[in-house]
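J.: My questions all concern the structure below.
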Amino acid sequence: AATPKAPAPSSDLVLSGVSKQFGAYHAVRDLDLTVPEGAFFALLGPSGCGKTTTLRMVAGLEEPTTGTVSLGEQDITRLRPYKRPVNTVFQNYALFPHLDIFENVAFGLRRRGVKDVKQQVGEMLDLVELGAFGKRKPNQLSGGQQQRVALARALINRPQVLLLDEPLGALDLKLRRQMQIELKRIQTEVGITFVHVTHDQEEAMTMADTIAVMNAGVIEQRGTPAELYDLPATTFVANFLGQSNLVRAAIIGKAHEQLVVDVHGSKVTVPTPRCRVTEGEVWMGIRPEKVFLAPAGAEQNGNALRGATVTDVSYVGVSTQYLARMPWGQELTVFEQNTGARDTLRVGDPVDLHWQPAHTFVLDAAQDAL
Ligand code: ATP
């Protein structure tokens, strides 16, 4: 019974028209965002895109230039940080070095004069699997353990929303992977809304049930990891979440729920729902693992781009990465699972690229491919 109950009544976190300007600089622009209660929500984007500023406005550490932040029925835009039912876990754990682990976690409870401190701290330490470490000082713990103490210290206040700002950034890769799974388990157990800021797409995809991808102060797309990966809305999202092949193309016709696209002289088809635009110049996108290479001239169902030459073969364990130079000079990337089903292709081999129309996506041409 180490599980603190999520507070009632139901309370979604809602940002409406939120902007933040630092002088003339727009760090966050007109942001609309709803984080459903109990979600594990990731705010994902490159350095400087405005993620931390957004988080700080939810925490009350930064005041929006325009817009409102509300939690359920309550407008918290101008509420002081300590009055918000919100806690933050930062990358630098900010533990009290002179207090032992138990007292670090007990701190918030003692300040509020709570009675059953011993039991609550005990439960919380069990939750983060540090039950046996209460008497240690922070410097006697590993980075991952310190991070879990910081988490316990924030969770014990039973916030409605827990904000996590790159909380795993200081950990080495292996420990970070462990902690990602661990954090996900803890979030499921406590049922509190987590808003997690990260620039690591793999981390966001591993942990979050919903991701908002942020770029230059705006949210470009939100959805489940699978939705974003499968059908990116912009070239930025297509490239930030995994790798994409983006090829200049033009829509030239329509046939049975499909659009016909001209790709440097070859015709391919794309189901209409997978097209963000329905006419004119476009980017045609296809994920490297959705493409397969066949000897030049082979007949296959689906879409094909012919006349390519293998220019690089890299063995990466579970898969092999190929580069294929297209007749128009662009190199496309193809990942192939190493199942041992066939001999590896070699540099210089003539090949065609094949894929299913339903794996294609089509984006507006009026953006950089990056
Ligand atoms: P990172 O992952 O590097 O922390 P981020 O996406 O969290 O990046 P923010 O910290 O939100 O980005 O910063 C967004 C932009 O706003 C940056 O260009 C930053 O330099 C600027 N900025 C942030 N805080 C201030 C401030 N107090 N005064 C002026 N500019 C600021």
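In terms of UniProt numbering, the sequence shown opens at residue 9 and continues consecutively.
For each residue, glycine too, the CB sits at the ideal point set by N, CA and C.
#1: Using a threshold of 7 Å, is the CB atom of Ser55 nearer than that to any non-hydrogen atom of the ligand ATP?
#2: Does the ligand ATP have a heavy atom nearer than 7 Å to the CB of Gly250?
#3: Return the Cβ separation of Leu172 and Phe202 in integer angstroms, given the expectation that the two are a contact with Cβ distance under 8 Å.
#4: In the segment 25 to 73, which residue ranges form an unbroken alpha helix (DSSP H) of at least 4 residues, counting only runs that do not cross its ends?
#5: Within a Cβ cutoff of 8 Å, which residues of the same chain sit near Met65, ignoring the five residues on either side of it in sequence?
#6: At which residues does the beta strand (DSSP E) containing Phe343 begin and terminate?
#7: For my contact list, Val342 and Leu301 are in at a C-beta cut-off of 8 Å; report their separation, rounded to the angstrom.
#8: Count the C-beta pairs between the segment 138 to 157 and the segment 101 to 120 that are closer than 8 Å, then say yes if the count reaches three, no if not.
#9: Can you find a heavy atom of the ligand ATP that lies under 7 Å from the Cβ of Gly68?
#10: Taking the CB atoms as reference points, tell me whether Leu51 and Val205 lie closer together than 8 Å.
#11: Taking the runs of the alpha helix (DSSP H) that are 4 residues or longer, which of them lie wholly in the segment 208 to 238?
#12: Count the other CB atoms within 10 Å of the CB of Tyr90; is the residue buried (16 or more) or exposed (fewer)?
#13: Could you name the residues that DSSP lists as bridge partners for Phe300?
#14: Give me the Cα-Cα distance between Ile227 and Asp38, rounded to the nearest whole angstrom.
#15: Between Ser327 and Thr347, what straight-line distance do the alpha-carbon atoms span, to the nearest angstrom?
#16: Tell me whether Tyr323 sits in a helix, a strand or coil according to DSSP, three-state version.
#17: Could you tell me if the beta carbon of Gly75 falls within a distance shorter than 7 Å of some heavy atom in the ligand ATP?
#18: Under the criterion of a Cβ to heavy atom distance below 7 Å, does Phe30 qualify as lining the ligand FMN?
#19: Going by the beta-carbon positions, is the gap between Thr96 and Ala114 smaller than 8 Å?
#20: Could you tell me the alpha carbon to alpha carbon distance between Gly116 and Met213, rounded to whole angstroms?
#21: Would you kindly work out how many angstroms separate the C-alpha atoms of Thr218 and Gly356, rounded to a whole number?
#22: Distance check for Thr42 and Val285, CA to CA, integer angstroms please.
#23: Determine the direct distance from the alpha carbon of Glu137 to that of Gly58, and round the result to whole angstroms.
#24: My understanding is that Thr243 touches Ala377, with C-beta atoms under 8 Å, so please give their C-beta distance in whole angstroms.
#25: Quick one: give me the first and last residue of the beta strand (DSSP E) that Gln266 is part of.
#26: Tell me where the alpha helix (DSSP H) around Ala263 begins and ends.
#27: What does DSSP give as the partner residues of Phe141 in its beta bridges?
#28: Could you name the residues of the same chain whose beta carbon sits closer than 7 Å to that of Gln345, not counting the 5 residues immediately before and after it, in chain order?
#29: Can the beta-carbon of Ala306 be found less than 8 Å from the beta-carbon of Val318?
#30: Leaving out five residues on either side along the sequence, give the residues of the same chain with a beta carbon under 8 Å from the beta carbon of Leu133.
#31: Tell me which residue opens and which closes the beta strand (DSSP E) that Thr201 is part of.
#32: So, do the segment 245 to 259 and the segment 272 to 291 have three or more beta carbon pairs nearer to each other than 8 Å?
#33: Report buried or exposed for residue 379, applying the criterion of at least 16 other Cβ atoms within 10 angstroms of its Cβ.
T.: In short, the structure shows the following:
#1: yes
#2: no
#3: 6 Å
#4: 59 to 67
#5: Leu23, Val26, Lys28, Val36, Glu71, Pro72 and Val77
#6: Glu339 to Gln345
#7: 6 Å
#8: yes
#9: no
#10: yes
#11: 209 to 215 and 233 to 238
#12: exposed
#13: His362
#14: 9 Å
#15: 8 Å
#16: strand
#17: no
#18: Ligands in the displayed structure: the ligand ATP; the ligand FMN is not one of them.
#19: no
#20: 32 Å
#21: 43 Å
#22: 26 Å
#23: 33 Å
#24: 5 Å
#25: Gln266 to Val271
#26: No alpha helix (DSSP H) contains Ala263, which is instead part of the beta strand (DSSP E) from Asn253 to Ala263.
#27: BP columns for Phe141 are empty, so no partner.
#28: Val326 and Ser327
#29: no
#30: Ile109, Phe110, Val113, Gly139, Phe141, Gly142 and Ala160
#31: Thr201 to Thr206
#32: yes
#33: The chain is shown from 9 up to 378; residue 379 falls before or after that span and cannot be answered.
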